[in-house]
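For the sequence shown, position 100 matches number 243 in the numbering used here, and the numbering has no gaps at all.
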Amino acid sequence: MATRKILNKDEMRAFLNRFREVDHYEAIGEFVYKFSQLEFLIKYRLFKELGLKQELFDIITAPYDFAVLCTVSAETLKAKPEIDDAKRKMVDRYFKDCKGFNAANRVVIAHGVWSTSGARHVSRSSLKPDLHSRDLKEIKAKCAEITQLVLRIKETNV
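This is the structure we're talking about:
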């Protein structure tokens with residue numbers, strides 16, 4: 144029969160930190176997964192709007208980063224002659240919200256250097272590092288925001 148060892152404080156701290164790391168991995172993974180689904184949905188929306196053949200999907204959509212994808216999608220939708228001003232504003236607002244979410248969240252979460260206390264991210268425009276406190280609840284809340292952006296894609300139907 145094996146004897147159970149009682150963990151000392153340092154061993155317990157290390158054990159709990161491993162669990163915190165796993166929780167962070169899962170939360171970051173969920174965020175990245177959900178954001179990729181939002182990005183794909185916007186690509187698909189643009190692709191359908193352009194009425195292109197399936198073989199051209201990746202050729203047309205792959206070169207765009209997320210911000211450019213949003214700009215191209217918005218401008219394509221607003222170029223339709225039948226769109227009215229109210230719908231144009233909805234399209235602008237939707238893609239502005241997507242770009243803002245990307246800049247404030249995805250860039251930090253996907254490109255930051257992570258620890259269990261948050262992410263260190265260096266802005267490409269300022270070249271200054273910044274520490275972002277991202278606890279698990281905050282990352283989960285951001286996942287819920289992505290879900291809302293996915294549901295709001297219907298605002299782009301013109």
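All C-beta atoms in this analysis are idealised placements derived from N, C-alpha and C, irrespective of residue type, glycine included.
Residue i, buried or exposed, once every other Cβ within 10 Å from all chains shown has been counted against 16
{"i": "V265", "result": "exposed"}
{"i": "P183", "result": "Residue identity differs from the one stated: residue 183 is Phe in this sequence, not Pro. So F183 ends up on the exposed side."}
{"i": "Y237", "result": "buried"}
{"i": "I282", "result": "buried"}
{"i": "R267", "result": "exposed"}
{"i": "T204", "result": "buried"}
{"i": "K152", "result": "exposed"}
{"i": "I252", "result": "buried"}
DSSP-derived helix/strand/coil call for residue i
{"i": "D235", "result": "helix"}
{"i": "R263", "result": "strand"}
{"i": "D278", "result": "coil"}
{"i": "S269", "result": "coil"}
Unbroken alpha helix (DSSP H) run spanning residue i, endpoints
{"i": "S216", "result": "209 to 221"}
{"i": "I252", "result": "250 to 254"}
Start and end residues, beta strand (DSSP E) containing residue i
{"i": "L195", "result": "From DSSP, L195 is part of no beta strand (DSSP E); its letter is neither H nor E."}
Distance between beta carbons of residue j and residue i, contact taken as under 8 angstroms
{"i": "K242", "j": "A210", "result": "5 angstroms"}
{"i": "C286", "j": "E173", "result": "5 angstroms"}
{"i": "T290", "j": "K177", "result": "7 angstroms"}
{"i": "L181", "j": "D240", "result": "Contact flag wrong, Cβ pair sits at about 11 angstroms."}
Sequence-distant residues of its chain with Cβ nearer than 7 angstroms to residue i (five each side left out)
{"i": "G255", "result": "A262, R263, H264, H275"}
{"i": "T299", "result": "R188, L220, V234, Y237"}
{"i": "N245", "result": "F209, A210"}
{"i": "A217", "result": "V234, D235, F238"}
{"i": "I149", "result": "none"}
{"i": "A170", "result": "L279, I282, K283"}
Same chain only: Cβ atoms within 8 angstroms of residue i, ignoring 5 sequence neighbours per side
{"i": "V250", "result": "H264"}
{"i": "L212", "result": "E182, I185, K186, L189, T204"}
{"i": "L195", "result": "I203"}
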